[in-house]
Every structure is written in structure tokens, then in C-alpha cells.
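Heads up: take any position in the sequence shown, counting from 1, add 6, and you land on the working numbering. Below is one structure, written out as C-alpha cells; the observations come after it.
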Amino acid sequence: MGAFAGEGHPQTLATFTRYEDAQSAVDLLSDEGFPVESVSIVGHDIRTVENVAGRLTTGKAAARGAAGGAWFGLLLGLLFSIFAPGVAFIGVLLIALGAGALWGALWGAVGHAATRGRRDFASVKTMEAGRYEVLVRGELSARAHQVLAQGRKVA
Numbered sequence: 007m008g009a010f011a012g013e014g015h016p017q018t019l020a021t022f023t024r025y026e027d028a029q030s031a032v033d034l035l036s037d038e039g040f041p042v043e044s045v046s047i048v049g050h051d052i053r054t055v056e057n058v059a060g061r062l063t064t065g066k067a068a069a070r071g072a073a074g075g076a077w078f079g080l081l082l083g084l085l086f087s088i089f090a091p092g093v094a095f096i097g098v099l100l101i102a103l104g105a106g107a108l109w110g111a112l113w114g115a116v117g118h119a120a121t122r123g124r125r126d127f128a129s130v131k132t133m134e135a136g137r138y139e140v141l142v143r144g145e146l147s148a149r150a151h152q153v154l155a156q157g158r159k160v161a
């Protein structure tokens, strides 16, 4: 808890099951002029969640590789086009873009084929907490409780 290093012991102000609710509590404190640099949001019971986005085929892997390669080719094309005379920079740019897309597609397809079907899906990993605790430095605890209680009545 970096905000409390060498200072008073933290006190639990509130506990929430959703991060957005903990964030709203800190936002309320901030809106009321409370010194929020004395507040921390701590997640407990951390777990990894992997959301499957869809099936990954060799064609999709090649398309993703082509997109990444095209961006890399565009970057190289921009760098090399500085040295191209006149309107030749457009040709240099297009060739680099095409070559990047081609190589990216090739490596995307080869990379996917190398897995031999062990992972034929795309996913996004996130970390979530089971609960979120809003902590405040001990000497400010009473004031924080008061601000939060008044804010909840108004809302």
C-alpha cells in the first residue's frame, strides 16, 4: 500500500463487489475536496478471467499477421521514403506496406500452423477481484466516513 508507507495505519472506509462502485466512492470524496492522495483501492481475491473472442483459423491468423505487418511496413516505408526523390516516395511507401503485409500474413499463418490445433481460439485475459476495499489513512478516517455518508444520502 504505497499511499500509506511510513504513515498512519489504513482504515477500511467501505467494501464493494464492483470496482466501479469503489471508484465512485473515491470520486465522491474527491468532489467534496477530500485529500484523495490518502486513499487506496485494494482488490482482494484476485482471479484471472479469460474471455474467448472466437475461433482462430489459419486465415484469421494470417489476416491478423497481415494487419500487424502492414503497420510495420508503413513505418519502414515512411522512414525510407524520406530518402526517395520527388513522388517516388509513394512507391516506396506502397511497396513497404505491401511487403510488410505479405510477410506478416506468412508469419501469422506459419505461427498458427505450428500450434497444430492446440489453441484454435482467440481470447482476452483480464484480472478481476472478488471485492474491493477503499482504505483511508487512519487520522482522516472519521472525515472520510462523514463525507461518504452525506454523499450517499444526497445521491
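Glycine included, every Cβ here is placed at the ideal spot set by N, Cα and C.
At the level of alpha carbons, what is the spacing between residue i and residue j?
| i | j | result |
| --- | --- | --- |
| A102 | V32 | 49 angstroms |
| I52 | A107 | 39 angstroms |
| A120 | W77 | 24 angstroms |
| R24 | G97 | 53 angstroms |
| A28 | I47 | 7 angstroms |
| W109 | G71 | 8 angstroms |
| G49 | G83 | 45 angstroms |
| L112 | R122 | 16 angstroms |
| L62 | D126 | 5 angstroms |
| F95 | L81 | 13 angstroms |
| R124 | T132 | 21 angstroms |
| A135 | G92 | 57 angstroms |
Suppose contacts are defined by Cβ-Cβ distances below 8 angstroms. Is residue i in contact with residue j by that definition?
| i | j | result |
| --- | --- | --- |
| L141 | P16 | yes |
| R149 | F22 | no |
| A59 | V130 | yes |
Considering only the alpha carbon of each residue, which of the options lies closest to residue i?
| i | options | result |
| --- | --- | --- |
| A20 | E139, A148, L146, S147 | E139 |
| E56 | A128, A67, G83, A150 | A128 |
| G79 | G114, E134, G104, V48 | G104 |
| R143 | R124, S44, H50 | S44 |
| G162 | V116, G157, G75 | The structure shown does not extend to residue 162, since the chain is modelled only from 7 to 161, so the question has no answer here. |
| G114 | A90, G157, G75, Q156 | G75 |
Excluding sequence positions up to five away, which residues of its chain have a Cβ less than 8 angstroms from the Cβ of residue i?
| i | result |
| --- | --- |
| V42 | V32, L35, S36 |
Below 6 angstroms CB to CB, which residues in the same chain sit around residue i once its five sequence neighbours on both sides are set aside?
| i | result |
| --- | --- |
| V153 | L35, E38, F40 |
| L146 | S44 |
Can you list, in chain order, the residues of its chain with a C-beta nearer than 7 angstroms to that of residue i? Leave out the 5 residues immediately preceding and following it.
| i | result |
| --- | --- |
| T54 | K131, M133 |
Complete runs of the alpha helix (DSSP H) confined to the stretch 9-85 [at least 4 residues]: The DSSP assignment places 25-37 as complete runs of the alpha helix (DSSP H) inside the stretch 9-85, in order along the chain (cut-off: 4 residues).
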